[in-house]
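In this note's numbering, the protein residues as written are 31 to 169.
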């Protein structure tokens, strides 16, 4: 909202995260957006500041509820797709973990404090990689 609505710097910002166990345990956050090259540095700093603030304060209850509703809705949509079940079987085989059975319970019960702690842990690790791609001017 801050980047799109207040800054008018991009149409959307994508935020994805994952916690992995194989090949080793790690967690990461990936934030991506498109913008004009002139605005890239300013928006990148703003996004990093917003994430830092999120890691310090955590999500507010309105944000939590919106994300919960989206995750539960999306989960129900995925239940009819083969790739969902392939992911569940793969997770069960390689990680010996049933990610399907308790999904809704976990989504409903994960607290803002738990989310904040994970965001802070990822930020405090200090492993930041920035990648910027700019198109080539044709002659």
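Glycine included, C-beta positions come from ideal geometry on N, C-alpha and C.
Practice problem: Quick one: residues in its chain with C-beta nearer than 8 Å to the C-beta of residue 89, no 5 flanking neighbours on either side, listed in chain order? | Solution: Residue mapping note: residue 89 aligns to position 59 of the chain shown, counting from 1. Closer than 8 Å at Cβ, skipping near neighbours: 97, 142, 145 and 146.
Exercise. Ignore the nearest five residues each way along the sequence and tell me which others in residue 127's own chain have a CB closer than 7 Å to its CB.
Key: For the purposes of this step, residue 127 is taken as residue 97 along the chain shown, with counting starting at 1. Cβ neighbours of residue 127 beyond the five flanking positions: 121.
Quiz item: Taking the runs of the alpha helix (DSSP H) that are 4 residues or longer, which of them lie wholly in the stretch 47-127?
Solution: 70-87, 91-108 and 112-125
Quiz item: Can a CB atom of chain C be found closer than 8 Å to the CB of residue 86?
Solution: Going by chain labels, chain C is absent from the structure shown, which holds only one protein chain.
Practice problem: Starting from residue 135, trace the alpha helix (DSSP H) both ways and give me its first and last residue. | Solution: Against the chain shown, residue 135 aligns to sequence position 105. That run of the alpha helix (DSSP H) goes 133-139.
Quiz item: Using 8 Å as the Cβ pair cut-off and three pairs as the minimum, do the stretch 73-85 and the stretch 37-45 touch?
Solution: yes
Self-check item: Exposed unless 16 or more other CB atoms sit within 10 angstroms - verdict on residue 149
Solution: In the chain shown, the residue the question calls residue 149 occupies position 119. Looking at its Cβ environment, which holds 16 or more other Cβ atoms inside 10 Å, residue 149 is buried.
Practice problem: Give me whichever residues DSSP pairs with residue 44 in a beta bridge. | Solution: Along the chain shown, read from residue 1 onward, the residue named residue 44 stands at position 14. The partner list for residue 44 (beta bridge, DSSP) reads 62.
Practice problem: Would you please state the rounded distance, in angstroms, between the beta carbons of residue 44 and residue 63? I believe it to be under 8 Å. | Solution: Looking up residue 44 in the chain shown gives position 14. Looking up residue 63 in the chain shown gives position 33. Right, the Cβ-Cβ distance comes to about 7 Å (below 8 Å), so this counts as a contact.
Quiz item: By how many angstroms is the C-alpha of residue 56 removed from the C-alpha of residue 165?
Solution: For this step, residue 165 is matched to residue 135 along the chain shown. For this step, residue 56 is matched to residue 26 along the chain shown. Cα-Cα distance, rounded: 32 Å.
Exercise. Answer yes or no: do residue 125 and residue 52 have a C-beta to C-beta separation smaller than 8 Å?
Key: Walking along the chain shown from the start, residue 125 turns up at place 95. Walking along the chain shown from the start, residue 52 turns up at place 22. Result yes, Cβ atoms of residue 125 and residue 52 sit closer than 8 Å.
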